[in-house]
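**Q**
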Amino acid sequence: MEPFIGNIQMFGANFYPRNYAYCNGQSITITQNTALYALLGDTFGMVGQTAFKLPDLRGRMPVHPGIFGYTKQQIEQGNTGGLESVSLTTDQLPAHTHQLQVSSQPGNTYRPYKKKTSESTVFASAENGSPVYAQAANLVPMSAKAMGYTGTGTAHDNMQPSTVINFCIALTGIFPDRD
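Okay, so the sequence shown: first residue is 192 according to this note's numbering, each after it adds one.
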């Protein structure tokens with residue numbers, strides 16, 4: 192079956208078939224590929240006035256153009272996006288606190304909870320060898336200085352699981368009708 196010009200297919204071999212090219216962003220001349228240029232134009236980039244670029248799907252997931260996600264961002268054909276790794280900032284994390292409540296009362300148990308009761312316990316005033324937990328009474332928040340920040344700002348991997356395969360684009364074939 193003859194493909195449509197510009198049809199992109201996945202191909203499992205380590206070469207591209209005759210009349211196809213890898214979707215690796217390479218430049219090809221307009222004069223030798225007029226039909227494909229008529230379909231793609233400068234969508235994926237131009238090199239001067241004599242060559243245009245093929246789509247570059249190396250390390251990328253093809254996505255249909257349109258409006259996506261909670262941001263309602265418009266994604267147009269030929270655009271690229273996404274990152275292989277990401278560094279999150281505190282502004283990108285949900286608001287939350289780590290306030291630790293402690294008791295000013297001396298500790299009276301070594302257990303962080305009491306069996307068979309809903310009464311909770313908290314860290315208490317204690318000396319070496321004495322109980323470190325007390326009933327949740329006379330609570331005071333610990334100083335913010337007692338709680339440190341964590342993390343180094345190092346980027347984390349952001350890639351979905353994947354299998355590598357070649358994407359090839361048809362250079363010749365049937366010119367598609369717009370109907």
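By construction, the Cβ of each residue, glycine as well, lies at the ideal position given by its N, Cα and C atoms. This one's a predicted model, so the numbers in the text were calculated from it and none came from an experiment.
#1: Where does the unbroken alpha helix (DSSP H) through Thr157 begin, and where does it stop?
#2: When you compare each of Tyr324, Leu362, Phe235 to Ser243 by their alpha carbons, which one comes out closest?
#3: Per DSSP, what kind of secondary structure is Leu330 in: helix, strand or coil?
#4: By alpha-carbon positions, which one of Thr241, Gly269, Gln240 ends up nearest to Val254?
#5: So what's Thr220 in DSSP terms, helix, strand or just coil?
#6: Can the beta-carbon of Ile356 be found closer than 9 Å to that of Pro194?
#7: What beta strand (DSSP E) runs, 3 residues minimum, are completely inside the segment 231-281?
#8: Under the rule that 16 or more other beta-carbon atoms within 10 Å means buried, what is Gly272, buried or exposed?
**A** Once the coordinates are examined:
#1: This structure cannot settle anything about residue 157, because the visible part of the chain is limited to 192 through 370.
#2: What sits at residue 243 in the sequence shown is Phe, not Ser. It is Phe235 whose Cα lies nearest to the Cα of Phe243.
#3: strand
#4: Gly269
#5: strand
#6: no
#7: 242-244, 257-259, 264-266
#8: exposed
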